[in-house]
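2 protein chains.
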Amino acid sequence: MGRARKSSTKRATLADVAKVANVSAITVSRVINQPGKVSPELGQRVQEAIDMLGYIPNQSASSLASARSGVIGVSIPSLSNVVFNDVLRGIYDVAGASDYKVLLVDTHYSPLEEEKMVRTLLSQSPEAMIITGGDQTRACERMLAKAGMPVVQIMELLEQPLDMNVGFSHYQAGYDVALKMLATGCNQLGFVGARMDARVQQRMAGFVDALRAKNKLNQEYIVTTPEPSSIALGGELFRSLLSASSGAVDGIFCCNDDLALGALFESQRMNIKIPTEMSLCGFNDFETSAYVNPSLSSVHVPRYEMGVKAAEMIINVLNDKGVADKTLDIGFEVILRQSSRASVPPQ
Amino acid sequence: MGRARKSSTKRATLADVAKVANVSAITVSRVINQPGKVSPELGQRVQEAIDMLGYIPNQSASSLASARSGVIGVSIPSLSNVVFNDVLRGIYDVAGASDYKVLLVDTHYSPLEEEKMVRTLLSQSPEAMIITGGDQTRACERMLAKAGMPVVQIMELLEQPLDMNVGFSHYQAGYDVALKMLATGCNQLGFVGARMDARVQQRMAGFVDALRAKNKLNQEYIVTTPEPSSIALGGELFRSLLSASSGAVDGIFCCNDDLALGALFESQRMNIKIPTEMSLCGFNDFETSAYVNPSLSSVHVPRYEMGVKAAEMIINVLNDKGVADKTLDIGFEVILRQSSRASVPPQ
DNA sequence: TTGTACGCGTTATCAA
DNA sequence: TTGATAACGCGTACAA
């Protein structure tokens, strides 16, 4: 409405700065993007004009003109799941160090929502994408392929990655847990899983296959629910499994530490002795797991490193440095603690 | 290098779609943004062309031309601190429902880094900003003011908000905790704090002032460190405080649940009885706190709601609906559990 | 080292 | 209802 007044009316542009500094717009652009190519005197003058006007570059215009957005798109299935915090931190640390912005979306574990979110991300013209897992819709895969940008799929190892891949074998982890629990004297092993996304299913498959191989599989000891994990749910599922097995189960692999902690706390309330009457193993190795009493066995995953590696792969590709391997197995480690029998193996 | 081939070469544009559908570019734009203003036949034809080409709008061009980016900038001090997860979830839920994208940055609890990050955010031409707390640099405040967009400061109640504000009084929370702990029979209260950002300092100030008012303040029972919080650190600080007070302390307020859980686990290992020999109270009310044995007293904060409200305020302002109050006190609740004496008040 | 001309892909404005 | 034209703010290519 009213007349234009002072500076606060509209955002300053390159042209405004140029006018004040009495140079051309492109020179201002250079001062910002290639300071070495401008003479010190001019650079100084321009910088003063920039400060005076409080000039902030318009990234939309820059992206449009240069086809470089400086954005990395990241898609994760859940903002509440703490597991992704560490991964994100790794991504942000590396991306930020190279002046890349991160655009983050949450798919709520839904491939359809992921497809929509990926479309949203692509409309921002990111230079690369980091997405979770391999459960994309066909349409989503097509979009990604068409976009022709570096893509890293994280969290799990995939048979056929779209492009690059950083993760570990959830199947193998589940398998190893079963063997370790058997080795520590468990005889009637059960499984408790929630949400049951692709990775949890892999963990379960590995666990089940190992038990089957050892002739220790009892399907009634496998309890799952599509509900999201929580400590409260862990307690409930623990009770379910106990009653389903008439108390025969002497060891439980919980698909994550939330459930496992819930089971542990519930067992304490039920006066079930850990680990003598019941062994427990979780997944993800939260800090709590190492400090709770009794401490909780779990599968440690280098999440921060996973984020770092994924981002580094991308930065390298964007800088034309290429990557040694398109797929990186970041590994895992089964850590036995007091919730397992014989947590210290004999010498 | 090689010849252009097929579709995968370059991203389709509005003009490409227009050509295929045999209409003008602006018509395609309308099909996308104002479907009602285009005849059904044309709309159909255009939609087919869009699908055939896999057209995805270029948001940079759209932002530039329309001065609407559809982006909300969000700045938080830490990606690893679980506290912000719930807030973010609230923000993302509301923003997503209104088709806004969220650009998230992490300031690592540094006002200087925040200033840099806010500049980055502003360069993306967001339509509004959500930032944490009130510790901005002068330069940061100036940028924000100049940008002239809705800004919500979250997490704490501020004396002089830049614009809008959603939070609660950390000072009052600390004060209330002290009174409640005294009321449950604690006589020698201590405080354990880490990181010591503005909000933690407020909690401490409230706690200390309450003790002083009751003539119960002993400065030697106040233990702080700039280190980031962790469960491990909670155990260490617990021991520090015990030795600093020669074991006299009979109740501790930890500035967050990480520290409090660490203290609780450590006390178990030291065979100190909770709550008879030692009362414990944390802050933030993690799910773990309600289920650990003994359950941990804490201060519950409606974090998700805080994110929701902040985002709603912004959406309302952007839609010219205005907001009733620029400042919203979201409140808190001190929850006494088994780690406090007399956790159930007498009838 | 500095500047000119043009185009990036979209939308606002106005006209048909 | 549809379209032509001119911005939006910046960087590339080229020229001086």
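Chains as they are written, first to last, in this note's numbering: chain L, 10 to 356; chain C, 10 to 356. Note that CB positions come from ideal geometry on N, CA and C, so glycine has one too. Quantities reported herein were computed from a predicted structural model and do not represent experimental measurements.
Query raised in the report: Taking just the CA atoms, how far does Lys318 (chain C) sit from Leu130 (chain L)?
Result: 25 Å
Query raised in the report: Taking Cβ-Cβ distances shorter than 8 Å, what residues in chain L pair up with Asn302 (chain C)?
Result: Phe274, Gln277, Arg278
Query raised in the report: Which residues, in order along the region 127–153 of chain L, keep a beta-carbon less than 8 Å from a beta-carbon of chain C?
Result: Arg128, Thr129, Leu131, Ser132, Gln133, Ser134, Arg151, Met152
Query raised in the report: In chain order, what residues of the same chain lie with their CB nearer than 7 Å to the CB of Ser107 (chain C), ignoring the 5 residues before and after it?
Result: Ile324
Report task. Measure the alpha-carbon distance for Phe216 (chain C) versus Leu337 (chain C) and round it to whole angstroms. Result -> 23 Å
Query raised in the report: Helix, strand or coil for Ala21 (chain C) per DSSP?
Result: coil
**Report entry** Euclidean distance between Cα positions of Leu166 (chain C) and Asp334 (chain C)
**Finding:** 13 Å
Query raised in the report: Where DSSP assigns a beta bridge to Ile110 (chain C), which residues make up the other side?
Result: The sequence as given places Lys at residue 110 (chain C); Ile does not occur at that position. DSSP, once it has assigned bridges, lists C:Val80 as partnering Lys110 (chain C).
Query raised in the report: Nearest chain C C-beta to Arg312 (chain L) closer than 7 Å, yes or no?
Result: no
Query raised in the report: Does DSSP put Asp294 (chain C) in a helix, in a strand, or in coil?
Result: coil
**Report entry** Straight-line Cα distance separating Arg212 (chain C) from Gln181 (chain C)
**Finding:** 7 Å
Query raised in the report: Does the distance from the C-beta atom of Ile65 (chain C) to that of Ser132 (chain L) stay below 7 Å?
Result: yes
Query raised in the report: At what residue ranges does the region 248–291 of chain L contain a whole run of the alpha helix (DSSP H), taking only runs of 4 or more?
Result: 266–278
Query - Top-ranked residue by Cα proximity to Glu229 (chain C), from C:Leu198, C:His179, C:Val127, C:Val114 - result: C:Leu198
Query raised in the report: Within 6 Å: the Cβ of Glu165 (chain C) and any heavy atom of the ligand GDP?
Result: With respect to the ligand GDP, the structure shown offers nothing to examine, as it has no ligands at all.
**Report entry** Residue environment, Gly331 (chain L), which counts as buried when at least 16 other CB atoms sit within 10 Å
**Finding:** exposed
Requested in this report: Spell out the partners DSSP gives Gln162 (chain L) in its beta bridges.
Outcome: L:Ile140, L:Asn174
**Report entry** CA-to-CA distance, Lys189 (chain C) to Tyr143 (chain L), given in whole angstroms
**Finding:** Before going on, a small fix: residue 143 (chain L) reads as Gly here, not Tyr. Cα to Cα, Gly143 (chain L) sits roughly 51 Å from Lys189 (chain C).
Query raised in the report: Of all Cβ atoms in chain L, is any one closer than 7 Å to the Cβ of Gln68 (chain C)?
Result: yes
Requested in this report: Return the residue from the list L:Gly99, L:Glu245, L:Asn94, L:Asp115 that minimises the CA-CA distance to Gly202 (chain L).
Outcome: L:Glu245
Requested in this report: In the DSSP assignment, find the unbroken beta strand (DSSP E) run with Thr233 (chain L) in it and report its ends.
Outcome: 231–234
Query raised in the report: With 16 as the cutoff for other CB atoms within 10 Å, does Met279 (chain C) come out buried or exposed?
Result: exposed
Report task. Leaving aside the five residues before and after Pro354 (chain L) along the sequence, list all residues of the same chain whose C-beta is less than 7 Å from its C-beta, in chain order. Result -> Summary for Pro354 (chain L): the model assigns pLDDT 44, below 50, so the residue's position carries little reliability; its value from the coordinates is reported in the next sentence. Hits under 7 Å: none found.
Query - Contacts that Ser349 (chain L) makes with chain C (C-beta to C-beta distance below 7 Å) - result: Chain C residues near Ser349 (chain L): none, gap ~18 Å exceeds 7 Å.
Query - contact_flag[the region 108–128 of chain L, the region 81–88 of chain L] where n(CB pairs < 8 Å) is 3 or more - result: yes
Query raised in the report: What is the rounded straight-line gap between the Cα of Lys155 (chain L) and the Cα of Thr146 (chain L)?
Result: 14 Å
Requested in this report: Kindly list, in the order they appear in chain C, the residues whose Cβ is closer than 9 Å to that of Arg98 (chain L).
Outcome: Ser87, Leu88, Ser89, Asp115
Query raised in the report: Which of the three DSSP states, helix, strand or coil, is assigned to Val91 (chain L)?
Result: coil
Requested in this report: Measure the CB-CB distance between Asp267 (chain C) and Ile240 (chain C) and report whether it falls below 7 Å.
Outcome: yes
Requested in this report: Measure the Cβ-Cβ separation of Leu62 (chain L) and Asp25 (chain L) and say whether it is below 7 Å.
Outcome: yes
Query - Range of the contiguous beta strand (DSSP E) that encloses Asp338 (chain C) - result: 336–338
Report task. May I have the straight-line CA-CA distance separating Gly183 (chain L) from Ala214 (chain L), to the nearest angstrom? Result -> 7 Å
Query raised in the report: Is it true that the CB of Ile163 (chain C) sits closer than 7 Å to the CB of Met315 (chain C)?
Result: yes
Requested in this report: For Asp115 (chain L), name the three-state secondary structure that DSSP assigns.
Outcome: strand
Query raised in the report: Below 7 Å between beta carbons: does that hold for Val326 (chain C) and Pro159 (chain C)?
Result: yes
Query raised in the report: When the Cα of Ala21 (chain L) is compared with those of C:Asn42, C:Gly105, C:Asp102, C:Ser134, which residue comes out closest?
Result: C:Ser134
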